[in-house]
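Quick note: the sequence shown uses the numbering used here, first residue 2, plus one each step.
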Amino acid sequence: MLSLKFPKIRGKTIAATRYRFRFLGAGRSTALPQRKTVRALVFAFVYWCLTFVPVAEAVENCAAGEQVCAFSKFVFKVEIGGRVGSAVYAGRRIVVANRHIVLDDSVAKLTDKFGQVYTARVIPNDQHEDLVLLEADNLDRGPLPWRPEAVSRGESVHIVGYDQATNAIKVFPAGVVLLPPAANRLSRIQHIAKAATGSSGAGLVTADGKLVGIATSGDERRGDAIPVGRIGALEAHSSEQHRVVHDAIGRQYKICQETLRRMPIRRARLAKRAVEYLTRVCTKTRNTHLLDDAGQILGRAGHMKEGKAVFSQALELDPYARNNRIGLVVTLLLSGGATEALPHAKWLYELLPHDKEVLRLAVQTGKRGGDIEFARQALTTLESLDPALAVPLRSYLAR
Numbered sequence: 002m003l004s005l006k007f008p009k010i011r012g013k014t015i016a017a018t019r020y021r022f023r024f025l026g027a028g029r030s031t032a033l034p035q036r037k038t039v040r041a042l043v044f045a046f047v048y049w050c051l052t053f054v055p056v057a058e059a060v061e062n063c064a065a066g067e068q069v070c071a072f073s074k075f076v077f078k079v080e081i082g083g084r085v086g087s088a089v090y091a092g093r094r095i096v097v098a099n100r101h102i103v104l105d106d107s108v109a110k111l112t113d114k115f116g117q118v119y120t121a122r123v124i125p126n127d128q129h130e131d132l133v134l135l136e137a138d139n140l141d142r143g144p145l146p147w148r149p150e151a152v153s154r155g156e157s158v159h160i161v162g163y164d165q166a167t168n169a170i171k172v173f174p175a176g177v178v179l180l181p182p183a184a185n186r187l188s189r190i191q192h193i194a195k196a197a198t199g200s201s202g203a204g205l206v207t208a209d210g211k212l213v214g215i216a217t218s219g220d221e222r223r224g225d226a227i228p229v230g231r232i233g234a235l236e237a238h239s240s241e242q243h244r245v246v247h248d249a250i251g252r253q254y255k256i257c258q259e260t261l262r263r264m265p266i267r268r269a270r271l272a273k274r275a276v277e278y279l280t281r282v283c284t285k286t287r288n289t290h291l292l293d294d295a296g297q298i299l300g301r302a303g304h305m306k307e308g309k310a311v312f313s314q315a316l317e318l319d320p321y322a323r324n325n326r327i328g329l330v331v332t333l334l335l336s337g338g339a340t341e342a343l344p345h346a347k348w349l350y351e352l353l354p355h356d357k358e359v360l361r362l363a364v365q366t367g368k369r370g371g372d373i374e375f376a377r378q379a380l381t382t383l384e385s386l387d388p389a390l391a392v393p394l395r396s397y398l399a400r
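If you want it as structure tokens, here you go:
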């Protein structure tokens, strides 16, 4: 998926026009090459190892505290419909996973860190939350250590989830909470705890081993998670009577994802019909990260008005969705709305004062939006972090 690299745009900006963010877990199988037998055999062997070799134990190499490492017994690799992610134990026979992994499929395979395998049935729900409950017979891990109290800004947390690269349930290095969720029903915990491909649906765990959230998306630096309290609310809306609505929501996710994959990677203008279709199908999901992906594509293709609308809708769903806010700032800058972008850039600067990409955006937004003092403040911070990166920005600010 995309990472936030800021290319130079002649006559426009030194800073960013490329968009970013990703789901953590859409691991997929790749078709075998047909042309070379040796390559096919090697690939087949690797695929066999990843598919049939039991998930490796993560505790042996766990560098976190004992309680955090012990939480790995509550985490599973989940495979469904050719997709791979993580699932977390939520009580006897029940696990929770991300809807963007489950989609509209109904049966999943769960594998724990010991290699024990369970078959899990999806329990339909009528919620637009990126969560789905699954039921597996004979699954009982005892009481789940979780914390109903809200997380605090600056609190230490770990992602504990499946790592597709190592085929293991892994405790990732510690990070911190940036923001607890807003009051909005779909708002999420913002954090800078590292994760990897396969970690969609992983547990966000405190330093004392308590579950506080379910990871949904992110990258090697920052991500977000759905508060654990939403699992209880989801349970009240999960039963077979919601099958029709559940399948419809799953199809909306699938159609949006497939549409995003079909869009050109290059910066090519899209037909009006394609823009309208992309906007319509992804808007229906009410998923901030699918909206983020859609906004990125629209922005790259030069459809700034539509991109702005998509990013703005995501921020209505979750005002703390910082990557949508980054996308909105970039879109506003490229469409001549630097003054409108200023409050968003300042919000990002306050939240991520040492993020180089945010600092570059802040310099550009301050310069073009008429707040030179803000631009200088961001530049000073950037110079202390990366003097070489700050050189062209200082020249830009001096023009």
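The beta carbon of each residue, even a glycine, is placed where N, CA and C say it ideally should be.
Model, not experiment: these values are computed from the prediction.
Leaving aside the five residues before and after residue i along the sequence, list all residues of the same chain whose C-beta is less than 7 Å from its C-beta, in chain order.
i	result
LEU235	ASN126, GLN128, GLU130, LEU132 and LEU134
SER107	ARG122 and VAL123
VAL96	PHE77, ALA88, VAL89, TYR90, LEU111, ALA121, LEU135 and ALA137
ALA151	PRO181
ARG252	ASP105
LEU334	THR14, ALA342, GLN365, THR366 and ARG369
GLY214	ILE190, LEU205, ALA226, ILE227, PRO228 and VAL229
LEU318	ASN185, LEU187, ARG287 and THR289
Whose CA, out of the options, lies closest to the CA of residue i?
i	options	result
GLY230	ARG148, ALA208 and PRO320	ARG148
ILE193	PHE173, GLY251, ARG122 and ARG400	PHE173
ALA71	PRO144, PHE312, LEU292 and ARG263	PRO144
THR332	LEU362, ALA376 and ARG142	LEU362
GLN258	LEU291, SER239, ALA237 and ARG274	LEU291
GLN191	SER313, ILE250, ARG223 and LYS285	ARG223
ARG274	SER107, HIS304, TYR254 and LEU349	HIS304
PRO320	LEU343, LEU279, ARG189 and VAL213	ARG189
GLY246	TYR397, ASP105 and ALA121	First, the amino acid is wrong: residue 246 is Val here, not Gly. Checked all of TYR397, ASP105 and ALA121; the closest Cα to VAL246 is ASP105.
VAL85	PRO228, PRO388, ALA183 and LYS110	LYS110
PRO344	ALA379, GLY367 and LEU335	GLY367
ASN99	ALA65, TYR254 and VAL276	TYR254
ASN185	TYR119, ARG287 and ASP113	ARG287
ARG154	ARG326, ASP294 and LEU353	LEU353
THR289	ALA339, PRO265 and ILE327	ILE327
PRO265	ILE298, ASP293 and THR284	ILE298
LEU187	ASP225, VAL177, VAL161 and LEU212	ASP225
LEU386	ARG262, HIS355, GLY370 and ASN62	HIS355
LYS195	ASP113, GLY162, ILE102 and ILE227	GLY162
ILE373	GLU358, PRO388, VAL359 and ARG395	ARG395
VAL178	LEU360, ALA64 and ALA216	ALA216
LYS114	GLY233, ALA169 and ARG377	ALA169
Can you list, in chain order, the residues of its chain with a C-beta nearer than 6 Å to that of residue i? Leave out the 5 residues immediately preceding and following it.
i	result
GLN68	ASP209 and GLY210
LEU271	ALA302
ASP164	LYS171, ALA197 and GLY199
ASP141	ARG93
ALA175	SER157 and HIS159
SER30	Because SER30 carries a pLDDT of 37, less than 50, the predicted location of this residue cannot be relied on, and no value is offered for it.
GLU384	ALA391
VAL118	THR112
THR260	LEU279 and VAL282
Which residue comes first and which comes last in the beta strand (DSSP E) that contains residue i?
i	result
LEU179	176-180
LEU205	204-207
LEU111	108-112
ARG84	84-92
ALA67	In the sequence as presented, Ala is not what sits at residue 67; that position holds Glu. GLU67 -> not in any beta strand (DSSP E); alpha helix (DSSP H) instead, spanning 67-71.
ALA399	Per DSSP, ALA399 belongs to no beta strand (DSSP E); it is in the alpha helix (DSSP H), 388-399.
LEU135	133-137
ARG270	That residue, ARG270, is in no beta strand (DSSP E); it is neither H nor E in DSSP.
GLU80	76-81
LEU212	212-219
GLY160	Looking at the sequence shown, residue 160 is not Gly but Ile. Here the beta strand (DSSP E) through ILE160 covers 157-164.
THR167	THR167 -> no beta strand (DSSP E), and no H or E assigned at all.
VAL118	118-124
HIS192	190-192
How is the alpha helix (DSSP H) around residue i delimited, first residue to last?
i	result
ARG274	273-284
ARG100	100-103
Using a C-beta cutoff of 9 Å, does residue i count as contacting chain C?
i	result
HIS192	In the displayed structure, chain C is absent; only one protein chain is listed.
Grab me the residues of residue i's own chain with a C-beta within less than 8 Å of its C-beta, minus the 5 sequence neighbours each way, in chain order.
i	result
ARG268	ARG301, ALA302 and GLY303
LYS347	ALA363 and PHE375
ALA166	ALA197, THR198 and GLY199
GLN314	THR284 and LEU292
(message) Three Cβ pairs or more, each shorter than 8 Å: is that satisfied between the stretch 75-83 and the stretch 194-208?
(response) yes
(message) Suppose only complete runs of 3+ residues qualify. What are the beta strand (DSSP E) ranges in the stretch 221-267, listed by chain order?
(response) 224-228
(message) Please give the ranges of any alpha helix (DSSP H) in the stretch 292-359, keeping only runs that are unbroken, at least 4 residues long and fully inside the region.
(response) 305-318, 323-335 and 339-352
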